[in-house]
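To start, the structure itself, in structure tokens.
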Amino acid sequence: MGLHKKPFFLFYLSLLSFITIFLFFPYFTIAADNTNLIYKGCAKQNFPDPIYSQNLKTLLSSLVSQASQKTFYTTTSGDSQNAMMGLYQCRGDLTLPNCYSCVSTIISRADKLCGEAIAGRIQLSGCYLRYEIVGFKQVPNTEMLYKTCGSTQASESGFEQKRDAAFDMVESGVKSGGSGDGGLFYTGSYESVYVLGQCEGDLGSDDCGDCVKTALERVKADCGNSISGQEYLQKCYISYSYYPFGVPRVDSSSGTGKQHTQKTVALAVGGLAAFGFVIVCLLFLKSALKRKGDLHFLYDVQRFIAIIKDSVSKYWLPVMAEPRALGSLPVVMQTWFDVMGS
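Here you go:
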């Protein structure tokens, strides 16, 4: 195997175990959190009359009452002089129970996030809420509301071709995904690129396709070769992520309680791995002090430094920038074994 002394072999083994347990365990067990806040947009003007506040409360209660039955719903509250319009929409792959959980969360936060604003839009990772006084100035379907790009740039050849092929899939997919209760929705992957797109539930198929096409063009211009990006327009949004080691499977239907338990277990297991890693490091250091003049030892140290530098650039940096980037455990495991055996 090319490892000349037992302590250094233990060091390798511990390092491999630490990386495997601490990095990969959470990504294979943690469910997606559908209630993370993505962005909020609130009008600068406040309600001119207290009756609007009461109408908003009635509106929000009406919306949440439907969330256990529909993933998209729109309604109004109040008379023609002080009416308010509102809607919610859940991501197309959410179950009804999780849609209800997401909508309940977003409505409970609405007052804190937008207060007495005459219009507001709040986007969580699994759903969004939009409300406004009737007669509020409308913006075009393709008006950009929010965008974000990953900080890491893809360096692999062929990334642009894979991304563009995935974009073509989501553009055609939303048009044939079926409108109505859940809105036009598509999610899928092409090789290592995961894509998601959705239009507001009352948008027609052709208008949805045009909206998503605009979002895709803008995210390419805004994010360039970033490994991830999101673009939210008035009537649609898209998201993409590039995973060099394969697109991971994320369970979007699991509850937050289960997620918190899994995070606790992951931290505990990771802590044990870290403790073992430290112990073996101490054994390695003890051996090093006894082997100062050993040429084999110096060779092992040089190899170890080279391995660490290579690992940081290829694996650790992508993980820090995009935590789910290491979606394929077998690929990375084999890489480590190949390096250790060389």
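Following UniProt numbering, the numbering of the sequence shown begins with 1 at its first residue and continues without gaps.
No residue lacks a Cβ here, since even glycine has one placed at the ideal position from N, Cα and C.
Can you find the residues in the same chain that come closer than 6 Å, C-beta to C-beta, to A67, ignoring five residues on each side of it along the sequence? Start at 1 with the first residue of the sequence shown, and residue 67 comes out as number 67. C99, Y100 and V103, listed in sequence order.
Residue ranges of each alpha helix (DSSP H) run of no fewer than 4 residues wholly in the region 85 to 146, ordered along the chain? 96 to 114
Can you list, in chain order, the residues of its chain whose CB lies under 6 Å from that of L94, leaving out five sequence neighbours each side? Your numbering for residue 94 matches position 94 in the sequence shown. Within the same chain, L94 has close Cβ partners G126.
Have a look at Q45 and E217 and give me their C-alpha separation to the nearest angstrom. The count along the sequence shown starts at 1 and reaches residue 45 at position 45. The count along the sequence shown starts at 1 and reaches residue 217 at position 217. Looking at the two C-alpha atoms, the distance is approximately 32 Å.
Please list, in chain order, all residues of the same chain as S132 whose beta carbon is under 8 Å from its beta carbon, the five residues on each side excluded. For the purposes of this step, residue 132 is identified with residue 132 of the sequence shown, where counting begins at 1. The identity of residue 132 in the sequence shown is Glu, whereas the question assumes Ser. By the criterion of a C-beta distance shorter than 8 Å, E132 is surrounded in its chain by A43, M84, M85, G86, I118, A119 and G120, once the five residues flanking it on both sides are discounted.
Any beta strand (DSSP E) of 3 or more consecutive residues that is wholly inside the region 198 to 233: 228 to 233
Could you check what DSSP says for K162 in three-state terms: helix, strand or coil? Residue mapping note: residue 162 aligns to position 162 of the sequence shown, counting from 1. K162: helix per DSSP, three-state reduction.
How is Q45 classed by DSSP in three states: helix, strand or coil? Within the sequence shown, numbered from 1, the residue matching residue 45 stands at position 45. Looking at Q45 - three-state DSSP - the assignment turns out to be coil, as it is neither helix nor strand.
Which residue comes first and which comes last in the alpha helix (DSSP H) that contains Y243? Taking the first residue of the sequence shown as 1, we reach residue 243 at position 243. From DSSP, Y243 is part of no alpha helix (DSSP H); its letter is neither H nor E.
What is the rounded straight-line gap between the Cα of Y128 and the Cα of S108? Here residue 128 is taken as the residue at index 128 of the sequence shown, counted from 1. Here residue 108 is taken as the residue at index 108 of the sequence shown, counted from 1. Between Y128 and S108, the C-alpha separation is close to 13 Å.
In three-state terms, what does DSSP make of T152? The residue you call residue 152 lines up with position 152 of the sequence shown. Note: T152 maps to coil in three-state DSSP.
Candidates C90, T71 and Q161: closest to E191 by CA position: Sequence index remark: in the sequence shown, residue 191 carries index 191 (1-based). For the residues C90, T71 and Q161, the minimum Cα distance to E191 belongs to Q161.
Check whether the Cβ atoms of A166 and V195 sit closer than 8 Å, and answer yes or no. Residue mapping note: residue 166 aligns to position 166 of the sequence shown, counting from 1. Residue mapping note: residue 195 aligns to position 195 of the sequence shown, counting from 1. Their beta carbons are under 8 Å apart, which means A166 touches V195 by this criterion.
Which first and last residues belong to the alpha helix (DSSP H) in which T58 is found? Here residue 58 refers to the residue found at position 58 when the sequence shown is read from its first residue. From DSSP, the alpha helix (DSSP H) with T58 extends over P50 to Q66.
Count the other CB atoms, across all protein chains shown, that sit within 10 Å of the CB of R91; report buried if there are 16 or more and exposed otherwise. Locating residue 91 in the sequence shown gives position 91, counting from the first residue. With 16 or more Cβ atoms within 10 Å of its Cβ, R91 is classed as buried.
Collapsed DSSP secondary structure at K40 in the structure displayed: Indexing the sequence shown from 1 puts residue 40 at position 40. Looking at K40 - three-state DSSP - the assignment turns out to be strand.
Please classify S172: does DSSP put it in a helix, a strand, or coil? As a position in the sequence shown, residue 172 is number 172, starting the count at 1. In this structure, S172 counts as helix in the three-state DSSP scheme.
On the criterion of 16 or more Cβ atoms from any shown chain inside 10 Å, does P244 qualify as buried, or is it exposed? Reading the sequence shown from its first residue, position 244 is the one you call residue 244. The residue is buried, with at least 16 neighbouring Cβ atoms inside 10 Å.
Under the rule that 16 or more other beta-carbon atoms within 10 Å means buried, what is N34, buried or exposed? Taking the sequence shown and counting its residues from 1, one reaches residue 34 at position 34. N34 comes out buried.
Should R163 be labelled buried (16 or more other beta-carbon atoms within 10 Å of its own) or exposed? Counted from its first residue, the sequence shown places residue 163 at position 163. Classification of R163: buried, given that the 10 Å Cβ count is 16 or more.
With C-beta atoms as the reference, is Q89 less than 8 Å away from G224? The residue given as residue 89 occupies position 89 in the sequence shown. The residue given as residue 224 occupies position 224 in the sequence shown. No.
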